[in-house]
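Trainee: Encoded as structure tokens, here's the structure I'll be asking about.
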Amino acid sequence: MSKIVVVGGTGLIGSKVVAKLSEHGHLAVAASPNTGVNTLTGEGLAEVLIGAATVLDVSNSPSFADDDVMRFFTTATTNILTAAKAAGVGHYVALSVVGAERMLDSGYMRAKVAQEDLILASSLPYSIVRATQFFEFARSIADSATIDGVVRLPNAPMQPMAAEDVATAVARTTAGEPLNRTIEVGGPERFGLDEFVRTGLAFHGDLRTVVADPEAPYFGGRPTAETLVPGADATLFTTRFEEWLATTPAPAGR
Ligand SMILES: NC(=O)c1ccc[n+]([C@@H]2O[C@H](COP(=O)([O-])OP(=O)(O)OC[C@H]3O[C@@H](n4cnc5c(N)ncnc54)[C@H](OP(=O)(O)O)[C@@H]3O)[C@@H](O)[C@H]2O)c1
Numbered sequence: 007m008s009k010i011v012v013v014g015g016t017g018l019i020g021s022k023v024v025a026k027l028s029e030h031g032h033l034a035v036a037a038s039p040n041t042g043v044n045t046l047t048g049e050g051l052a053e054v055l056i057g058a059a060t061v062l063d064v065s066n067s068p069s070f071a072d073d074d075v076m077r078f079f080t081t082a083t084t085n086i087l088t089a090a091k092a093a094g095v096g097h098y099v100a101l102s103v104v105g106a107e108r109m110l111d112s113g114y115m116r117a118k119v120a121q122e123d124l125i126l127a128s129s130l131p132y133s134i135v136r137a138t139q140f141f142e143f144a145r146s147i148a149d150s151a152t153i154d155g156v157v158r159l160p161n162a163p164m165q166p167m168a169a170e171d172v173a174t175a176v177a178r179t180t181a182g183e184p185l186n187r188t189i190e191v192g193g194p195e196r197f198g199l200d201e202f203v204r205t206g207l208a209f210h211g212d213l214r215t216v217v218a219d220p221e222a223p224y225f226g227g228r229p230t231a232e233t234l235v236p237g238a239d240a241t242l243f244t245t246r247f248e249e250w251l252a253t254t255p256a257p258a259g260r
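Going by the working numbering, 54 is the number at position 48 of the sequence shown; the sequence numbering is gapless.
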């Protein structure tokens, strides 16, 4: 039984990955502030990595402000890489975002690219999985783009996917040998960013108007026709947005 430490293992993706790895006979250990491991301060990091064959980082910054998110991903990644090397970890896996390097006008995407660069510059065998936007993220996108009750978003195409499928891809990669490259995963259908959010809000009775506005920012960036869509080599999962919506309760507060 191999020990796999899942940094961010209590989060949306992390908790699903821990469950999937455990079902397949791995000793998957969730590491996050809620389990006594803090990658910013280093608390508990060396201890949890003792005996680990693999470390997966699916943590996320509590704040998306430009400086905060950059500090989070660079500090956390530097600390995890250092601790992983000291512990003799043989495979470092991280979850990133499709198109991050094409949207460097976004502070969040700059931080994800900085995270990837630190992994590439380390001598550890690695795999990076880049995923498209999660279906679960539609409301957060709307909230970040709402001014005076109206959601304004560019209509850039994107190919979102279910968090469950992201977790499947990440769990498979984590359980495998290091790829020493970046792979992409996405969903089956293309939507305009505005259309995706409009569909998600309407399904759960959120009455906000969603306006397609090519000048509107998406997390500080201005995605074009190519920015958010996965490349030809991406692995595409089959769960459709409408199908997922029909089986997903409205978020709390609706
Ligand atoms: N949202 C999208 O559409 C999208 C698309 C592609 C890729 N991604 C990537 O997917 C990853 C996971 O996202 P998610 O939505 O699953 O995240 P999430 O649900 O917000 O979970 C965040 C996790 O990070 C942990 N964490 C926060 N601060 C930490 C710290 N100082 N030390 C250790 N762990 C810490 C949290 O632990 P506690 O529970 O203890 O607070 C939690 O387990 C992110 O890296 C994101 O960039 C997201």
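We put the CB at the ideal spot given by N, CA and C, even for glycine.
Going along the chain, which residues of its own chain have a beta-carbon closer than 8 Å to the beta-carbon of Ile-56, five neighbours each way excluded?
Mentor: Within the sequence shown, numbered from 1, the residue matching residue 56 stands at position 50. Taken in chain order, the residues that qualify are Ala-93.
Trainee: Can Ala-175 be considered in contact with ligand 1, in the sense that its beta carbon sits closer than 7 Å to one or more heavy atoms?
Mentor: Residue mapping note: residue 175 aligns to position 169 of the sequence shown, counting from 1. False, no ligand heavy atom lies under 7 Å from that Cβ.
Trainee: For ligand 1, any of its heavy atoms closer than 7 Å to the Cβ of Lys-118?
Mentor: If you number the sequence shown from 1, residue 118 lands on position 112. Yes - ligand 1 has a heavy atom lying nearer than 7 Å to the Cβ of Lys-118.
Trainee: For Val-61, which residues of its own chain have a beta-carbon under 6 Å away from its beta-carbon, when the five flanking residues on both sides are left out?
Mentor: Position 55 of the sequence shown, counted from the first residue, corresponds to residue 61. Correct list, in chain order: Val-11, Ala-90, Val-95, Tyr-98.
Trainee: Near Ala-137, which residues of its chain fall below 6 Å by C-beta distance, leaving aside the five closest residues on each side in sequence?
Mentor: What you label residue 137 is simply residue 131 of the sequence shown in a count that begins at 1. Closer than 6 Å at the Cβ level, and outside the excluded window around Ala-137, lie Val-172, Val-191.
Trainee: What residues are listed by DSSP as bridge partners for Leu-101?
Mentor: Position 95 of the sequence shown, counted from the first residue, corresponds to residue 101. Answer by DSSP bridge pairing, in chain order: Val-135.
Trainee: Grab the span of the beta strand (DSSP E) containing Gly-192 for me, first residue to last.
Mentor: Counting from 1 along the sequence shown, the entry for residue 192 is found at position 186. Start and end: 188–192.
Trainee: Contact defined as beta carbons within less than 8 Å: I believe Leu-207 pairs with Ala-144. What is the distance between those atoms, to the nearest angstrom?
Mentor: Taking the first residue of the sequence shown as 1, we reach residue 207 at position 201. Taking the first residue of the sequence shown as 1, we reach residue 144 at position 138. Under the criterion of beta carbons closer than 8 Å, Leu-207 and Ala-144 qualify as touching, at roughly 7 Å.
Trainee: Go ahead and pull the three-state DSSP assignment for Ile-5.
Mentor: Nothing in the structure corresponds to residue 5, since the chain is present only between 7 and 260.
Trainee: In chain order, which beta strand (DSSP E) runs of at least 3 residues are fully inside the segment 161–232?
Mentor: 188–192, 215–218
Trainee: With DSSP as the reference, please indicate the residues paired to Ala-117 in a beta bridge.
Mentor: Within the sequence shown, residue 117 is the residue found at index 111, counting from 1. The partner list for Ala-117 (beta bridge, DSSP) is empty, contrary to what the question assumes.
Trainee: Tell me, please, whether the segment 75–90 touches the segment 42–51 by the rule of three or more beta-carbon pairs shorter than 8 Å.
Mentor: yes
Trainee: Out of Pro-131, Ser-129, Pro-166, state which residue places its alpha-carbon closest to the alpha-carbon of Glu-142.
Mentor: As a position in the sequence shown, residue 142 is number 136, starting the count at 1. Ranking Pro-131, Ser-129, Pro-166 by Cα distance to Glu-142 puts Pro-166 first.
Trainee: In the DSSP assignment, what are the bridge partners of Thr-60?
Mentor: Position 54 of the sequence shown holds residue 60. DSSP lists Ile-10, His-97 as partners of Thr-60.
Trainee: Who are the near neighbours of Leu-87 in its chain, counting only those whose CB is closer than 6 Å to its CB and skipping five residues on each side?
Mentor: Locating residue 87 in the sequence shown gives position 81, where the first residue counts as 1. For Leu-87, where only same-chain residues beyond five positions count, the Cβ hits under 6 Å are Ser-128.
Trainee: Assign His-32 to buried or exposed, taking buried as 16 or more other Cβ atoms, counted over all protein chains shown, within 10 Å of its Cβ.
Mentor: Here residue 32 is taken as the residue at index 26 of the sequence shown, counted from 1. His-32 comes out buried.
Trainee: Kindly indicate which three-state DSSP category Val-35 falls into: helix, strand or coil?
Mentor: What you label residue 35 is simply residue 29 of the sequence shown in a count that begins at 1. It is a strand residue.
Trainee: Can you tell me whether Phe-140 is helix, strand or coil according to DSSP?
Mentor: Taking the sequence shown and counting its residues from 1, the one referred to as residue 140 is at position 134. Of the three classes helix, strand and coil, the one that applies to Phe-140 here is strand, per DSSP.
Trainee: Among the candidates Thr-174, Thr-179, Asn-186, Val-203, whose CA atom is the shortest distance from the CA of Ser-146?
Mentor: As a working note, residue 146 is residue 140 in the sequence shown. It is Val-203.
Trainee: Look up Leu-18 in the DSSP assignment and say whether it is helix, strand or coil.
Mentor: Here residue 18 refers to the residue found at position 12 of the sequence shown. Leu-18 falls in the helix class under three-state DSSP.
Trainee: Under the rule that 16 or more other beta-carbon atoms within 10 Å means buried, what is Asp-212, buried or exposed?
Mentor: For this step, residue 212 is matched to residue 206 along the sequence shown. Under this definition Asp-212 is a buried residue.
Trainee: Whose C-alpha, out of Thr-215, Leu-126, Glu-170, is nearest the C-alpha of Thr-253?
Mentor: For the purposes of this step, residue 253 is taken as residue 247 along the sequence shown, with counting starting at 1. Per the Cα distances, Glu-170.
Trainee: In whole angstroms, what separates the C-alpha of Gly-193 from that of Glu-248?
Mentor: The residue you call residue 193 lines up with position 187 of the sequence shown. The residue you call residue 248 lines up with position 242 of the sequence shown. Roughly 12 Å separates the two Cα atoms.
Trainee: Roughly how many angstroms lie between the CA atoms of Asp-149 and Thr-244, to the nearest whole one?
Mentor: Taking the first residue of the sequence shown as 1, we reach residue 149 at position 143. Taking the first residue of the sequence shown as 1, we reach residue 244 at position 238. C-alpha separation (whole angstroms): 27 Å.
Trainee: Rounding to the nearest angstrom, what Cα-Cα distance links Val-64 and Asp-73 in this structure?
Mentor: Numbered from its first residue, the sequence shown carries residue 64 at position 58. Numbered from its first residue, the sequence shown carries residue 73 at position 67. Near 20 Å, if we compare the C-alpha coordinates of Asp-73 and Val-64.
Trainee: Run the proximity test for Pro-229: is its beta-carbon closer than 7 Å to any non-hydrogen atom belonging to ligand 1?
Mentor: By 1-based counting over the sequence shown, the position of residue 229 is 223. For ligand 1, not one heavy atom lies less than 7 Å from the Cβ of Pro-229.
Trainee: State yes or no: is the C-beta of Leu-46 nearer than 7 Å to some heavy atom of ligand 1?
Mentor: Numbered from its first residue, the sequence shown carries residue 46 at position 40. Taking the Cβ of Leu-46 as the reference point, at least one heavy atom of ligand 1 falls within a distance shorter than 7 Å.
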